[in-house]
Amino acid sequence: MAISSLVKKVSKLSSIAGVTAAAAIGVTAPTHAYTIFFGEDLNHSYDTPLSSLPNAQTAAANFLSRLTDTGIETFDSFAPRTASPLTLNFPGGKTATLNGSGSIYSVTPGRTNGVGRYAISGSNYWEANAESGHFSITFNQKVAAFGFYGIDIGDFGGQLVLTLGGDSTRQVTVPNTIGSYGSTDGSVLYFGIIANNPDEYFTSVLFNMSTGEGDFFGFDNMTFGNIEQVPIPLPSSTLPDTNPAPESILLPSVALPQAISPNVSIPEPSSGLSVMALGAIAALKLLLGKQQRR
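Going by the working numbering, the letters in the sequence shown line up with residues 1142 to 1435, in that order.
Written out as structure tokens, the structure is:
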């Protein structure tokens, strides 16, 4: 067990029986044009895991419903103590590499590792440290979506901050509950993020805490989606109009001929067009004269 983990265990104040308190957001307002999916189930026990995760699982389901043809990494295929760098293979030749000081931990279902961390599915999870340079993920192609479960985050203060690297760098803060002295031990959250435009795509994620200090936590059931896997709707202003209004066609104005009296005066022609008009008027006058003689 890492020294920091032992410190966290020794520093615990009194623990309350595992009660699930909820702070959940199904889908939040966009951050930097991202769509955020967040759900959190609070716990107050370092040795008893939560038996149900209604808020985190709802956020995960909402996030996954936006993706197509992607996979979920549960870490159960790896041997315990497998260390970084750890390359994860996803369908379609996509890979994600976990870097830093983390490794695979295995905990019997229904128990914790003694300091509030456990797996979401199966018995394995990635033991991560949210301190600058101690945990990061790199992808072999541009990513439009990223989601994961986090266990035992922020129980000693601070919120998790993700730095997304790509063509530009952006930071997104995970709105986890801020605990103190282990008050939120064993809590579980789900966090998912989807880019709403190509400028938001990223190729790496760096994990830090807002306090600037490290925080060991369980990282499990990771999912990511590339551009093809995430259908991103176009803004309404750019969508093609399936029922376009008929175009207005402007025709040249033409004066309709009026009935010409026999005594109409004929102007002197000054052009070929006038000559044609003169001939037409003369023919009409002749026709009218014939009608009058009938």
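Cβ coordinates follow ideal geometry from the N, Cα and C atoms, glycine included.
Beta-carbon proximity check, asparagine 1367 vs valine 1284, cutoff 7 Å: Pairing asparagine 1367 with valine 1284 gives a Cβ-Cβ distance under 7 Å.
Beta-carbon gap between threonine 1364 and threonine 1211 smaller than 7 Å: Yes, they are a contact pair.
For asparagine 1203, report the span of its beta strand (DSSP E) as first-last. Looking at the DSSP string, asparagine 1203 is not in any beta strand (DSSP E); the run it does join, the alpha helix (DSSP H), is 1195-1205.
In angstroms, rounded to a whole number, what distance separates the CA positions of tryptophan 1267 and asparagine 1338? Those two C-alpha atoms are separated by around 30 Å.
For glycine 1320, does the three-state DSSP call read helix, strand or coil? Correct three-state label for glycine 1320: coil.
Element boundaries [beta strand (DSSP E), containing glutamine 1282]: Glutamine 1282 -> beta strand (DSSP E) spans 1276-1292.
is_contact[threonine 1249, chain E] using C-beta, thresh 7 Å: Of the protein chains in the structure, only one exists, and it is not chain E.
Alpha carbon to alpha carbon, how far is serine 1321 from aspartate 1296? Cα to Cα, the separation comes out at about 6 Å.
Spatial neighbours of leucine 1347 within its chain, please: CB distance less than 6 Å, with the 5 preceding and 5 following residues excluded, ordered by chain position. Excluding residues within five positions, the ones whose Cβ falls inside 6 Å are Ser1277, Thr1304.
Distance, Cα to Cα, leucine 1191 vs glutamine 1198? Approximately 12 Å between the Cα atoms of the pair.
Where glutamate 1341 sits in the DSSP three-state scheme: It is helical.
So, is alanine 1174 buried or exposed, given that buried needs 16 or more other C-beta atoms within 10 angstroms? With fewer than 16 other Cβ atoms within 10 Å, it is exposed.
Helix or strand or just coil, what does DSSP make of glycine 1327? In the three-state DSSP reduction, glycine 1327 falls in the coil class, being neither helix nor strand.
When you compare each of Thr1325, Arg1258, Phe1178, Ser1309 to serine 1345 by their alpha carbons, which one comes out closest? Comparing Cα positions, the closest option is Ser1309.
Taking asparagine 1270 as part of the beta strand (DSSP E), name the residues at either end of that continuous run. From DSSP, the beta strand (DSSP E) with asparagine 1270 extends over 1265-1270.
Take the Cβ of serine 1186 as the centre, count every other Cβ of all protein chains shown within 10 Å, and call the residue buried at 16 or more, exposed below. Here serine 1186 is buried, its C-beta having at least 16 other C-beta atoms within 10 Å.
Whose C-beta lies closer than 8 Å to the C-beta of threonine 1318 among residues of the same chain, with five residues either side of it excluded? Excluding positions up to five away in sequence, the list reads Ala1164, Glu1181, Leu1183, Gly1295, Thr1325, Ser1328.
Inter-residue spacing [alpha-carbon to alpha-carbon] between valine 1256 and isoleucine 1292: Computed Cα separation, rounded: 11 Å.
By the DSSP assignment, the beta strand (DSSP E) with arginine 1311 in it spans what residues? From DSSP, the beta strand (DSSP E) with arginine 1311 extends over 1310-1314.
With a threshold of 8 Å, are at least 3 pairs of Cβ atoms found where one atom belongs to the segment 1226-1236 and the other to the segment 1247-1255? Between the segment 1226-1236 and the segment 1247-1255, the count of Cβ pairs shorter than 8 Å is below three; the stretches do not touch.
Can the beta-carbon of alanine 1269 be found closer than 7 Å to that of glycine 1306? For the pair alanine 1269 and glycine 1306, the CB atoms are not nearer than the 7 Å cut-off.
Do glycine 1359 and arginine 1258 have their beta-carbon atoms positioned less than 7 Å apart in this structure? The answer is yes: Cβ separation under 7 Å.
Using a Cβ-Cβ cut-off of 8 Å (strictly less than) and excluding sequence neighbours within five positions of valine 1355, which residues of its own chain qualify? One point to set straight first is that residue 1355 is glycine, not valine, in the sequence displayed. Cβ neighbours of glycine 1355 beyond the five flanking positions: Ser1145, Asn1270, Ala1271, Glu1272, His1275.
Glycine 1306 in three-state terms, based on DSSP: Under the three-state reduction of DSSP output, glycine 1306 falls in the strand class.
Per-residue DSSP class, three states only, for glycine 1234: The answer is helix: DSSP assigns glycine 1234 an H, G or I state.
In angstroms with no decimal places, state the Cα-to-Cα distance between aspartate 1340 and aspartate 1188. If I take the Cα positions, the gap works out to 43 Å.
What is the C-beta distance between phenylalanine 1178 and alanine 1200, in whole angstroms, given that I count them as a contact (C-beta under 8 Å)? About 5 Å separates the Cβ atoms of phenylalanine 1178 and alanine 1200, confirming a contact at the 8 Å cut-off.
So for phenylalanine 1178, helix, strand or coil by DSSP? Strand.
Let me make sure I understand the geometry here. Which of Phe1357, Ile1335, Pro1195 has the alpha-carbon closest to that of arginine 1207? When only C-alpha atoms are compared, the closest one is Ile1335.
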